[in-house]
Amino acid sequence: MVRDKEQYKILIVEDDLTYAVMLKTWLGKIGFLVTTAGQVSKACTLIEKSSYHLILSDLRLPDRDGTSLISWLQHKGYAIPIIIMTRYADIRGAVQAMKDGAVDYIAKPIVPDELLRKIYEALDHPVAGNMDNHPLSATTSGNEERDDFLEGESEPARRLYDYVALVAPTPMSVLINGASGTGKEYVARRIHQLSKRADKPFVPMDCGAIPDELAASEFFGHVKGAFTGAVTDKTGAFEAANGGTLFLDEIGNLSYNVQVQLLRALQERRIRKIGTNKETQVDVRIVCATNENLLEAIQEGRFREDLYHRINEFTLRMPSLHERGEDVLLFANFFLDLANRELGRSIKGFSPEANKALLAYSWPGNLRQLKNVVKRAVLLTKKEIVQVDVLEMEESSAVKDLSLHNVKSEKTRIEEALRMTGNHKGKAAALLGIDRKTLYNKMKTYGM
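Residue numbers (the working numbering): 117 to 564.
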């Protein structure tokens with residue numbers, strides 16, 4: 117008999133994204149760990165990076181036929197059973213695929229119970245060969261998409277993560293440009309995971325949340341008694357990240373004086389804690405992120421050009437969610453699973469009308485907005501499927517007003533939100549319909 121299905125990872129190779137999402141959602145709810153690929157080439161890349169116990173592959177794919185994946189697996193020595201999915205008109209091709217080495221085939225439209233039976237049979241009788249190339253264990257599968265984030269199947273997503281894979285093994289500093297909510301921190305973590313520093317610390321810092329008077333302490337640390345309130349020694353971010361990666365989010369928020377201190381540390385690879393003359397050597401890779409145009413900040417005298425070139429040996433641009441096409445559906449289902457776990461619900465998916473609405477919307481708040489919309493929809497859904505009427509995707513009046521860049525109205529609204537929340541910045545940001553980093557940026561712009 118097949119072992120506990122939660123131990124099994126399935127790769128779906130299907131260029132019809134809606135169909136792939138449907139299968140992934142269904143199999144995921146059963147308990148399998150599922151990853152998707154829209155092309156044979158992407159599937160090959162995923163297989164080389166991780167282990168899979170079963171592949172469900174369409175017969176006709178954009179770059180090559182599913183049969184070519186079978187021959188590639190055999191050539192590489194990967195003993196992964198593969199089930200071919202095909203239309204009735206292509207049954208002859210599926211039969212040929214079985215002669216080539218597929219363990220089974222199933223005709224579309226797929227009957228769920230039949231597919232599940234074939235999956236169990238394939239897992240009970242794996243093909244002969246070598247699976248030791250990719251040992252599966254809980255400790256080695258931490259980079260799977262299902263665990264923490266999705267990378268997506270769209271062309272902008274593939275291009276982005278091709279660049280990530282290219283730059284990650286190098287020692288180059290990376291600057292990630294992108295709007296709020298596009299997933300910049302995930303990309304920074306992915307760079308670290310794929311780098312030669314993966315076994316060392318990854319330390320994220322939100323530069324928008326650091327008061328100028330505490331910046332040196334946060335970066336470099338301090339010793340007990342160095343200043344009023346320094347009741348214990350503090351390890352700074354550079355020391356904590358020694359040997360690993362330091363991620364500086366919203367680096368454009370740092371004051372000019374703090375930029376000078378940061379530049380010195382990067383150039384000399386040495387830091388000095390506040391309250392001591394002793395210097396400590398550090399080995400840190402820098403990955404930075406910003407939603408600001410730093411070249412404009414340089415022209416306006418708000419950002420040092422020498423620091424810009426130090427942190428920007430390689431630039432990555434984060435695509436907006438609207439640019440990523442049907443990736444929206446992948447993320448929506450991913451966030452649906454997260455919301456189900458968090459809220460104790462068991463919503464199965466989205467109606468066809470809801471899917472159309474998700475794809476048609478512009479998503480100005482990107483992934484963060486989509487996550488909130490899905491979470492609210494899960495809470496409001498009374499049956500098993502999210503309907504379009506619970507998808508609240510209109511921008512709030514606060515967001516629209518803030519987008520006008522009217523100094524007087526923005527500042528007034530921010531002051532009112534802070535007053536109403538007792539100066540609680542997180543609650544004020546939520547009240548205004550913006551994220552906390554944007555609030556910090558605007559408060560800094562208006563000298564608040």
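Ideal placement from N, C-alpha and C gives every residue a C-beta, glycine not left out.
- Would you mind working out which of GLN503, VAL504, VAL398 and VAL444 sits nearest GLY360, comparing C-alpha positions? Of all alpha-carbon atoms in GLN503, VAL504, VAL398 and VAL444, the one lying nearest the alpha-carbon of GLY360 is that of VAL398.
- Message: When you compare the segment 288–308 with the segment 340–349, are there three or more beta-carbon pairs, one atom per stretch, that lie closer than 8 angstroms?
- Response: Proximity of the segment 288–308 to the segment 340–349 falls short of the contact definition, fewer than three beta-carbon pairs being nearer than 8 angstroms.
- Just the Cα atoms here: how many angstroms apart are GLU500 and PHE354? Approximately 48 angstroms between the Cα atoms of the pair.
- Task: In angstroms with no decimal places, state the Cα-to-Cα distance between ARG367 and LEU432.
- Result: This sequence places Ile at residue 367; Arg is not what is there. Using only the alpha carbons, I get a separation of about 15 angstroms.
- Message: I'd like to know if the segment 206–224 and the segment 142–162 are in contact, where contact means that at least 3 CB-CB pairs between them fall below 8 angstroms.
- Response: The segment 206–224 is not in contact with the segment 142–162.
- Rounded straight-line distance, which links the Cα of GLU508 to that of ARG566: Outside the displayed range of the chain (117 to 564) lies residue 566, so it cannot be described from this structure.
- Count the other C-beta atoms from every protein chain shown that fall within 10 angstroms of the C-beta of VAL227, then say buried if there are 16 or more, exposed otherwise. Taking every protein chain shown into account, the CB of VAL227 has fewer than 16 other CB atoms within 10 angstroms, so this residue is exposed.
- Tell me which same chain residues have a C-beta within less than 8 angstroms of the C-beta of ALA273, skipping the five on either side of it? Annotation for ALA273: GLU267, PRO435, ARG440 and ASP443 place their beta carbon closer than 8 angstroms to its own, counting only its chain and skipping 5 residues before and after.
- Which residues in the same chain as ILE186 place their Cβ atom closer than 7 angstroms to its Cβ, once the five residues preceding and following it in sequence are excluded? Close CB contacts of ILE186 within its chain, under the 7 angstroms cut and outside five residues either way in sequence, are with ILE198, ALA213, ASP216, GLY217 and ALA218 (chain order).
- Determine the direct distance from the alpha carbon of ALA405 to that of ARG262, and round the result to whole angstroms. Its pLDDT being 36, under 50, ARG262 is placed unreliably by the model, and the measurement read from it follows with that caveat. Spanning the two alpha carbons is a distance of roughly 24 angstroms.
- Going by the beta-carbon positions, is the gap between TYR221 and LEU170 smaller than 9 angstroms? The criterion of a C-beta distance shorter than 9 angstroms is not satisfied by TYR221 and LEU170.
- Report the residue from LEU379, LEU127, ALA473 and ARG461 whose alpha carbon sits nearest the alpha carbon of ASN428. Nearest of LEU379, LEU127, ALA473 and ARG461 to ASN428, Cα basis: LEU379.
- Message: The beta strand (DSSP E) that contains ALA153, what's its start and end?
- Response: Where ALA153 is concerned, the enclosing beta strand (DSSP E) stretches over 149–153.
- Task: Give the C-beta separation of VAL339 and LYS389 to the nearest angstrom, bearing in mind that I take them to be a contact with Cβ-Cβ under 8 angstroms.
- Result: Right, the Cβ-Cβ distance comes to about 6 angstroms (below 8 angstroms), so this counts as a contact.
- Spatial distance of ILE196 from TRP142 (CA atoms): Each residue's alpha carbon lies about 21 angstroms from the other.
- Message: According to DSSP, is GLN397 part of a helix, a strand, or is it coil?
- Response: GLN397: strand per DSSP, three-state reduction.
- Task: Would you mind working out which of GLY352, SER184 and ILE128 sits nearest THR396, comparing C-alpha positions?
- Result: That would be GLY352, whose Cα lies nearest to the Cα of THR396.
- Message: In the DSSP assignment, the beta strand (DSSP E) including TYR372 goes from what residue to what residue?
- Response: Here TYR372 belongs to no beta strand (DSSP E); instead the alpha helix (DSSP H) covers 372–384.
- Message: Relative to the C-alpha of ARG484, which candidate in VAL504, GLU237 and PHE447 has its C-alpha closest?
- Response: The candidate whose alpha carbon is nearest that of ARG484 is PHE447.
- Item | Boundaries of the alpha helix (DSSP H) in which ARG492 is found, first to last residue | Taken as a continuous stretch (DSSP letters only), the alpha helix (DSSP H) holding ARG492 covers 482–496.
- Message: Output needed for MET247: all residues of its chain with C-beta closer than 6 angstroms, excluding positions within five of it in sequence on either side, in chain order.
- Response: Because the pLDDT of MET247 is 39, which lies under 50, any placement of that residue in the model is unreliable, and the number read from its coordinates should be weighed accordingly. Contacts found: ALA195.
- What is the rounded straight-line gap between the Cα of TYR236 and the Cα of ILE126? So the alpha carbons of these two residues sit roughly 12 angstroms apart.
- Query: Roughly how many whole angstroms lie between the Cα atoms of ASP229 and MET201?
  - Reply: Those two C-alpha atoms are separated by around 15 angstroms.
- Cβ atoms of GLY341 and GLY391: under 9 angstroms apart, would you say? Yes, the Cβ-Cβ distance between GLY391 and GLY341 is below 9 angstroms.
- Just mark CYS323 as buried or exposed, buried being the case when its beta carbon has 16 or more other beta carbons within 10 Å. By the 10 Å Cβ count, CYS323 comes out buried.
- Query: How many angstroms separate the CA atom of GLU408 from the CA atom of ILE414?
  - Reply: Distance between the alpha carbons of GLU408 and ILE414: 11 angstroms.
- Query: How long is the line joining the alpha carbons of LEU486 and GLY144, rounded to whole angstroms?
  - Reply: If you take the alpha carbons of LEU486 and GLY144, they lie about 20 angstroms apart.
- Between the CA atoms of LEU495 and VAL502 - distance to the nearest angstrom: Cα to Cα, the separation comes out at about 10 angstroms.
- So, are the CB atoms of ASP181 and LEU175 less than 9 angstroms apart? Less than 9 angstroms divides the Cβ of ASP181 from the Cβ of LEU175.
- Message: Quick check for students: name the residue ranges of the alpha helix (DSSP H) that lie wholly in the segment 290–338, counting only runs of 4 or more.
- Response: Qualifying alpha helix (DSSP H) stretches, in chain order: 300–309 and 328–336.
- Skipping 5 residues on each side, what residues in its chain have a beta carbon closer than 6 angstroms to that of LEU534? Cβ neighbours of LEU534 beyond the five flanking positions: ALA544.
- Query: Can you tell me where the alpha helix (DSSP H) with ASP422 in it begins and where it stops?
  - Reply: In the DSSP annotation of this structure, the continuous segment of the alpha helix (DSSP H) that includes ASP422 starts and ends at 421–427.
- Message: Out of GLU271, ASP278, LEU310 and ILE292, which one is the CA nearest neighbour of ALA284?
- Response: The shortest Cα separation from ALA284 among GLU271, ASP278, LEU310 and ILE292 belongs to LEU310.
- Item | Cβ neighbour criterion (16 or more within 10 Å) applied to ALA254 | With a pLDDT of only 26 at ALA254, under the threshold of 50, the placement of this residue in the model should not be trusted; the figure read from the coordinates follows. Exposed, because fewer than 16 other Cβ atoms sit within 10 Å of the Cβ of ALA254.
- Task: In the DSSP assignment, find the unbroken alpha helix (DSSP H) run with LYS389 in it and report its ends.
- Result: Where LYS389 is concerned, there is no enclosing alpha helix (DSSP H), because DSSP gives it neither an H nor an E.
- Item | Of the residues GLU271, LEU437, ALA325 and TYR168, the one placed nearest LEU239, counting alpha carbons only | Cα-wise, what sits closest to LEU239 is TYR168.
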